[in-house]
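See below for the structure under consideration.
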Ligand code: GLU
């Protein structure tokens, strides 16, 4: 998998080279933002339930903090590697910048398979990993959050471990916490909800009715499952959804309640549990006849090989980096309207920002306050990106990069080089 990580990083760097053509940029600063600022790799032992000790490898990669503290999730996955972390950290920087929240970008992760670990093993892994990276995180330095296969419980362990070593409770060191521990209302659903908010903006812009629109979603985690439910609420039809093992399809729309019950019960999607559903592979799902396609799982799934067969009118990137630059060109030629990841899935980090602000100020905002602020930020950002898209006649991704990378470069220029 090391090779896949290298490809993902190459893709992230290529996107910066592509946007550089549109920006007045110093070559040296460009080199700097194509690399990460600081990288921590840790190898650490964890006591397993059978009494053995296993050594895990983890990372906290800090890409840029020119606009504010580093920010980004922590991922537990067998494919986690250094290059993948570097790319994901870079995308966090552009994401914070495109929605204009005062954060930089970072990412962390541990190479492991949490599905094969007990709760106790996961807790010990999380606590030891937190201790290992505690030299580079902190509420005004670098603030982790959930990502693939991590959740509010993992964030609670991170907060607790960090706090124990500080000698007092530090809620602002991590976001995506349980509500009982300083988590924000609306954080858990923020990414999936943001995907739907930006999709609605895209449909409005393109004059596509959302009522009855056919949506195919790859991924049934925090982003995919919640987006599916919001899509249903706004009148769209979710015709397909998948998890890492495969998916379900019904051209007339899936019974989402049955889908979610099945996922909860068996941790997989079984056609026998959902009336009228037939199985679909993750590859087939991306090529289904649909109006809106939402990759909401992992990177690099839409490539030059399958992009010619994508039939959706709108591609909304719930995942980070699902589309390669070669696929981007093909989609642009086909006239597919792309809502790029750094805009489409920014809802999560936006509400993370709200959570952090509430923690630092010891405030508790209402659900309505969080929802209104999230909607305003995403809608405004979408409009700003579309304005560049129209003015410069570039793709939506390039427009988002012009805005996001442009803001980061401006921050570097204003700050200057010191010492
Ligand atoms: N992991 C999420 C992302 O990729 C959220 C990061 C955060 O809230 O800091 O955007």
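Residue numbers (the working numbering): 33 to 451. Just so it is clear, CB atoms sit at the ideal spot from N, CA and C, and this is done for glycine as well.
CA-to-CA distance, residue j to residue i, given in whole angstroms
i           : j           : result
residue 105 : residue 286 : 31 Å
residue 344 : residue 362 : 13 Å
residue 172 : residue 143 : 26 Å
residue 35  : residue 400 : 45 Å
residue 206 : residue 404 : 23 Å
residue 438 : residue 279 : 39 Å
residue 427 : residue 193 : 44 Å
residue 441 : residue 84  : 48 Å
residue 33  : residue 256 : Residue placement at residue 33 is poorly supported in this model, since its pLDDT is 44, which falls under 50; the coordinates are not used for a value here.
residue 158 : residue 422 : 46 Å
residue 169 : residue 138 : 10 Å
residue 162 : residue 228 : 33 Å
residue 242 : residue 267 : 6 Å
residue 447 : residue 67  : 18 Å
residue 328 : residue 351 : 4 Å
residue 396 : residue 319 : 44 Å
residue 443 : residue 211 : 34 Å
residue 338 : residue 259 : 24 Å
residue 418 : residue 244 : 25 Å
residue 313 : residue 290 : 19 Å
residue 99  : residue 134 : 6 Å
residue 219 : residue 378 : 12 Å
residue 52  : residue 232 : 30 Å
residue 410 : residue 230 : 7 Å
residue 330 : residue 353 : 7 Å
residue 201 : residue 213 : 10 Å
Beta-carbon gap between residue i and residue j smaller than 8 Å
i           : j           : result
residue 64  : residue 94  : no
residue 316 : residue 288 : no
residue 273 : residue 283 : no
residue 336 : residue 358 : yes
residue 322 : residue 295 : no
residue 384 : residue 177 : yes
residue 413 : residue 130 : yes
residue 59  : residue 216 : no
residue 97  : residue 136 : yes
residue 128 : residue 381 : yes
residue 204 : residue 406 : no
residue 368 : residue 342 : yes
residue 102 : residue 174 : yes
residue 43  : residue 153 : no
residue 165 : residue 92  : yes
residue 73  : residue 120 : no
residue 334 : residue 123 : no
Residue(s) in a DSSP beta bridge with residue i
i           : result
residue 86  : 78
residue 250 : 274, 327
residue 178 : 106
residue 347 : 325, 370
residue 399 : Paired residues: none, contrary to the question.
residue 218 : For residue 218, which the question treats as bridged, DSSP gives no partner whatsoever.
residue 92  : 72, 140
Where residue i falls: helix, strand or coil (DSSP)
i           : result
residue 450 : coil
residue 73  : strand
residue 380 : helix
residue 200 : coil
residue 300 : coil
residue 372 : coil
residue 138 : strand
residue 162 : helix
residue 437 : helix
residue 56  : coil
residue 184 : helix
residue 170 : strand
residue 336 : coil
residue 405 : helix
residue 208 : coil
residue 265 : helix
residue 33  : Residue placement at residue 33 cannot be trusted, given a pLDDT of 44 that sits under 50; the coordinates are not used to answer.
residue 431 : helix
residue 442 : helix
residue 353 : coil
residue 66  : helix
residue 310 : strand
residue 99  : coil
residue 143 : strand
residue 279 : strand
residue 191 : helix
residue 133 : coil
residue 226 : helix
residue 259 : helix
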